[in-house]
Amino acid sequence: MQKGKFRYSVKISSIIFILFFFLLPIPLFAYLDPGTGSMLFSIILGIVATSFFVLKSLIFKLVHLPALLTGKKLRVGNEYRIVFYSEGGAYWPVFEPALRELSKFEVPVLYLTSDEKDPAFAAEIKNISMQYTGKGMKAYFYLNRLKADIVVMTTPGLDVLQIKRSKGVRHYIHITHSAGGCSGYKTYGIDYYDTVLTGGDADIAMIREIESKRPIKKKNLEAVGCTYLDVTRNKLKSADFMVSKYFSNDRKTVLISPTWGSHGLLSVFGDKVFQLLIDNTDYNIIIRPHPQSFICEENLIQSLKENYSDSQRIYWDSNKSNINSLAQSDIMISDFSGIIFDYLFVFGKPVISHVSGYDKRSKDSMDLDDDPWNISVLKKIGTNIDENNIDFLPDILKENFNRSNDLSYIIDTLRNDMDKYPGESGRRCAEYIYNLYRSMM
């Protein structure tokens, strides 16, 4: 027994000695020229990065080993040659018009969603099958092994973020989901799609400029119009639509509807904007923050809600649909949020914006020579507020209230840029997808 302990002690001592020998800093009197040093650093960095991704891939496969062993995989039968994928129910208005029109071609289509409560499940569209993929890694596991002729998504970052190009998919199509364009996507947002269906000509010009500056292949680009705006238009036209009024008076109503983040209106001016409106005007105020603000800026939102709570003049709108707030307001105060263009193209109402905080870094627009389309337009359609004129906000509102008539001409000239075919987007989307499908047969 004592001999065993002695051997064990010797082994431990040997290990400690070896570790001490390798970890002990010993001065080396050698010259390493900068070029060689840089090369060695690059090699080491490459090895570390490769090891990280190999390890990540291994962990991913181990996590999903039970699914592989039991044969649990996405049931995409051979009859489903066209597949749509949605991250959640909020994007249903982007896909619905295209799916309804596509169903007329009698081609089986599979609609995948990561939202169990996606409105798609209640839609019952002929020739369209709906299926829940699960969320997060489970959904990515399915999508990365999908087999289809065509996959249609509105998710940026294909082959950059978690969703990779599946070897079993022949063609990926991206449908843009903002009337403000796709220049605000994170860098490489649409680089690895085969086709992009845009709202109009401005995004096509933007994508072509980016393609000219990156080592990527040219995509098929087609302007089809803005699908979700057509959904909003149809709601407004429907006989059963009524605006649910938030206020019992007839005063003018200001809608505050900014984006989220440190450069957004609420982060920069939030408290000041509210105080100026309350102290110097009698307007009703609807506050509709970006949904992400309730997650990433919880403390800011909570503080503002405590100081400016719901009252006869103030209403906080956190409803899923923005149509009530857009319909009953007379003017919008925002920054560079995409909702501005919903307001312009559908309702034709004036907008006051804060664009000086827009940051191109880490966005696709960083490779553009000039401002992206949405920022350049905001500088033309209404007053921009910043630290130099924010104190005059009440006067700026008065000046802009009656601009709707002037705006109509400007909006008509802008429509080709991002909302090219009002009322036709679903049909044009479907026709493009179907014609592509036929050409692949």
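Numbering that gives the first Met the number 0 applies: residue 0 is where the sequence shown begins, and numbers increase by one. C-beta atoms are modelled at their ideal positions from N, C-alpha and C, and glycine is treated no differently.
Query raised in the report: Does the beta-carbon distance from residue 344 to residue 228 come in below 7 Å?
Result: yes
Requested in this report: Could you tell me the distance, in whole angstroms, from the CA atom of residue 405 to the CA atom of residue 102?
Outcome: 41 Å
Query raised in the report: Ends of the alpha helix (DSSP H) at residue 448?
Result: Nothing about residue 448 can be read from this structure; the chain reaches only from 0 to 440.
Query raised in the report: In terms of residues, what are the limits of the alpha helix (DSSP H) holding residue 279?
Result: 264–279
Requested in this report: Less than 8 Å between the CB atoms is what I'm expecting for residue 218 and residue 184, so what's the real figure, rounded?
Outcome: About 14 Å separates the two Cβ atoms, so there is no contact after all.
Requested in this report: Determine which residues share a DSSP beta bridge with residue 315 and list them.
Outcome: 286
Query raised in the report: Sorted by chain position, which residues of the same chain lie with C-beta nearer than 6 Å to residue 151's C-beta, five sequence neighbours on each side aside?
Result: 83, 172
Requested in this report: For my contact list, residue 380 and residue 409 are in at a C-beta cut-off of 8 Å; report their separation, rounded to the angstrom.
Outcome: 6 Å
Requested in this report: With a cut-off of 8 Å on the beta carbons, I'd call residue 252 and residue 200 a contact; round off their distance for me.
Outcome: In fact, because the Cβ distance is near 34 Å, the residues do not count as touching under 8 Å.
Query raised in the report: How big is the Cα-Cα spacing for residue 231 and residue 261?
Result: 30 Å
Report task. Report buried or exposed for residue 75, applying the criterion of at least 16 other Cβ atoms within 10 angstroms of its Cβ. Result -> Note that residue 75 scores a pLDDT of 43, beneath 50, so its modelled location is shaky; the value from the coordinates is reported in the next line. Buried, because 16 or more other Cβ atoms sit within 10 Å of the Cβ of residue 75.
Requested in this report: Would you tell me roughly how many angstroms separate the C-alpha atoms of residue 189 and residue 304, rounded to the nearest one?
Outcome: 37 Å
Query raised in the report: Taking buried to mean at least 16 other C-beta atoms within 10 Å of its own C-beta, is residue 135 buried or exposed?
Result: exposed
Requested in this report: Whole angstroms is fine: what's the gap from residue 364's alpha carbon to residue 371's?
Outcome: 6 Å
Query raised in the report: Is there contact between the region 286–298 and the region 261–275, where contact requires at least three CB pairs shorter than 8 Å?
Result: yes
Query - Neighbour-count burial assignment, residue 240, 16 or more Cβ in a 10 Å radius - result: exposed
Query raised in the report: What residue does the alpha helix (DSSP H) around residue 294 start on, and which one ends it?
Result: 292–295
Query raised in the report: How is the beta strand (DSSP E) around residue 213 delimited, first residue to last?
Result: From DSSP, residue 213 is part of no beta strand (DSSP E); its letter is neither H nor E.
**Report entry** alpha helix (DSSP H) segments (min. 4 residues) lying fully within the region 320–367
**Finding:** 322–327, 338–341
Query raised in the report: Could you check where the alpha helix (DSSP H) with residue 405 kicks off and where it finishes?
Result: 403–417
Query raised in the report: By the 10 Å Cβ neighbour count, where 16 or more other Cβ atoms means buried, how is residue 69 classified, buried or exposed?
Result: Because the pLDDT of residue 69 is 38, which lies under 50, any placement of that residue in the model is unreliable, and the question is left without a value.
**Report entry** Cβ separation of residue 420 and residue 224, assumed to be a contact under 8 Å, to the nearest whole Å
**Finding:** 4 Å
Query raised in the report: Over what stretch of residues does the alpha helix (DSSP H) that includes residue 167 continue unbroken?
Result: That residue, residue 167, is in no alpha helix (DSSP H); its beta strand (DSSP E) goes 167–174.
Query raised in the report: Is residue 412 buried or exposed, if buried means 16 or more other CB atoms sit within 10 Å of its CB?
Result: exposed
Query raised in the report: What's the call for residue 215, buried or exposed, on a 16-neighbour Cβ count within 10 Å?
Result: exposed
Report task. Just list the alpha helix (DSSP H) runs in the region 66–146, keeping only unbroken ones of 4 residues or longer that don't cross its boundaries, in chain order. Result -> 91–101, 135–142
Requested in this report: Report the option in 95, 274, 210, 122 whose CA atom is closest to the CA atom of residue 153.
Outcome: 95
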